[in-house]
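Below: one structure, written as structure tokens.
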Amino acid sequence: MASSPELSRGSGLPLHLHTTLCVRDLDRARDFYSGLLGLAEIADRPLSFPGLWYDLGANAQLHLILDPAFKGAIANSDKWGRAPHLALHVPELDSIRQRLDERDIAYQSSASGRPAVFLRDPDGNTIELCAVRPPAPQPTPQRTDGLFVVFEGVEGSGKTTQIDRLEVWLRENQAAPVVRTREPGGTELGTQIRALLLDAKTREPIADRAELLLFAADRAQHVESFIRPQLEAGAIVLCDRFTASTIAYQGYARGLDLATISQLNAIATAGLAPDLTVWLDLDPAVGLERARDRGEVNRLDRESLAFHQRVYQGYSAVAAGIERDGRLCRIDASADVETVAATVRSAIGAAIEARSARSEIGVS
3 MASSPELSRG
13 SGLPLHLHTT
23 LCVRDLDRAR
33 DFYSGLLGLA
43 EIADRPLSFP
53 GLWYDLGANA
63 QLHLILDPAF
73 KGAIANSDKW
83 GRAPHLALHV
93 PELDSIRQRL
103 DERDIAYQSS
113 ASGRPAVFLR
123 DPDGNTIELC
133 AVRPPAPQPT
143 PQRTDGLFVV
153 FEGVEGSGKT
163 TQIDRLEVWL
173 RENQAAPVVR
183 TREPGGTELG
193 TQIRALLLDA
203 KTREPIADRA
213 ELLLFAADRA
223 QHVESFIRPQ
233 LEAGAIVLCD
243 RFTASTIAYQ
253 GYARGLDLAT
263 ISQLNAIATA
273 GLAPDLTVWL
283 DLDPAVGLER
293 ARDRGEVNRL
303 DRESLAFHQR
313 VYQGYSAVAA
323 GIERDGRLCR
333 IDASADVETV
343 AATVRSAIGA
353 AIEARSARSE
363 IGVS
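Encoded structure:
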């Protein structure tokens with residue numbers, strides 16, 4: 003069983019929470035990482051990223067994400083043992099060597115004589131298996147005392163309307179403080195970033211990668227200076243958009259690398275994940291018509307219908323990854339406003355009860 007990973011010297015970054023590799027085939031990846039390497043798969047990973055997750059010990063995980071547009075290994079090297087590569091600690095290195103030999107899989111021992119071997123996974127990523135444990139990472143605690151609720155959906159799905167109604171209901175029916183926020187724009191810095199990202203009159207086109215990094219910067223400031231302090235104070239935080247939006251818009255719609263987005267999200271959030279994601283599921287064509295009828299068209303609203311259909315596909319992929327753990331509430335947003343609001347209240351009520359139950363037994 004693997005424990006305490008470290009990124010390669012070529013990356014220059016320590017692994018705090020998880021690292022992500024793109025794969026072409028999840029079943030083949032599971033055979034390699036579970037069957038051959040013996041890593042422990044996490045069945046109920048509570049984060050908004052689909053794929054396979056493996057427990058590497060010391061609160062760190064390996065994330066394998068299915069990328070249909072896979073173009074090549076992201077942790078590859080020209081020669082065995084040279085950076086960049088992914089290093090994993092494996093106490094049973096001899097057993098793994100035996101399995102490699104039995105399956106006639108090529109590997110190379112470390113030239114320095116230390117207990118380590120190098121091999122490539124089915125997608126070409128170079129993996130170093132070392133018997134010496136590297137220093138354990140020190141992740142930021144993920145859980146907090148409050149309740150973090152995120153609303154996601156295509157343009158015009160009704161997020162603002164439902165957050166308005168939920169905020170009023172919560173203030174009238176429970177004692178915890180309630181705060182609302184949004185991305186981008188939940189902080190003073192974020193407000194300036196929002197103006198750059200959404201201004202429909204922007205003369206200079208924003209490059210896709212620049213857009214991604216601006217959203218990540220907004221999120222990092224948002225989590226650090228607003229969301230986490232509010233949760234630590236016991237507040238219920240209602241947030242309009244979070245990490246799933248980045249996967250849907252910049253990943254699926256813009257076509258940027260999903261593994262890079264996953265890593266940026268991990269850095270920006272420092273491990274913070276929603277207790278509940280409310281996905282207001284709506285046909286993108288209907289949502290765009292609603293958005294344009296209200297007369298407030300931003301830069302993203304002006305994108306083509308095909309773009310917003312890809313956004314919807316992204317949300318569907320994210321939902322498939324988190325629905326099984328009970329932290330996703332999918333709601334048909336084509337229903338009337340009050341029907342949607344009642345479903346939202348039911349889901350939030352259940353999340354509050356679950357939080358109270360955890361507090362009573364001392365589980366964060």
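Going by the working numbering, the letters in the sequence shown line up with residues 3 to 366, in that order.
Quick reminder that beta carbons are idealized off the backbone N, C-alpha and C, glycines included.
In this text the structure is predicted, and so the values were computed from the model without any measurement.
Between P207 and A272, the alpha-carbon positions lie close to 30 Å from each other.
Going by DSSP, A255 is part of no alpha helix (DSSP H) at all; its letter is neither H nor E. Secondary structure of I238 (DSSP, three-state): strand. Under the 10 Å beta carbon count, V151 is surrounded by 16 or more other beta carbons and is classified as buried. When the five nearest sequence neighbours on each side are left out, the beta carbons in the same chain lying within less than 7 Å of the beta carbon of S264 are those of T22, F51, H65, I67, in order along the chain. Taking each of V313, V342, A219 in turn and checking the Cα distance to R256, the smallest one comes out for V313. When rounded, the separation of the alpha-carbon atoms in A308 and D29 is 30 Å. Assigned with DSSP and collapsed to three states, Y35 falls in helix. If you draw a straight line from the Cα of A89 to the Cα of V119, it comes to about 10 Å. With contacts defined as CB atoms closer than 7 Å, G155 and I249 fail to qualify as a contacting pair. Scanning E355, G148, A212 for the CA closest to the CA of P231 turns up G148. Note: E355 is not bridge-paired with any residue in the DSSP secondary-structure output. C-alpha of L95 to C-alpha of P117: approximately 8 Å in a straight line. For the 7 Å CB-CB criterion, D103 and V25 do not form a contact. If you check the CB distance, R243 and E185 come in under 7 Å.
Distance check between I269 and each of L38, Q176, L215 places L215 closest, using alpha-carbon atoms only. Annotated three-state conformation of D334 is strand, per DSSP. 7 Å or more divides the Cβ of L168 from the Cβ of D210. Here the stretch 186 to 199 does not lie against the stretch 278 to 286, with fewer than 3 beta-carbon pairs under 8 Å apart.
A residue is called buried when at least 16 other Cβ atoms come within 10 angstroms of its Cβ; D220 meets this threshold and is buried. The three-state reading of DSSP puts F153 in strand, counting E and B together. Assigned with DSSP and collapsed to three states, Q176 falls in coil, not helix or strand.
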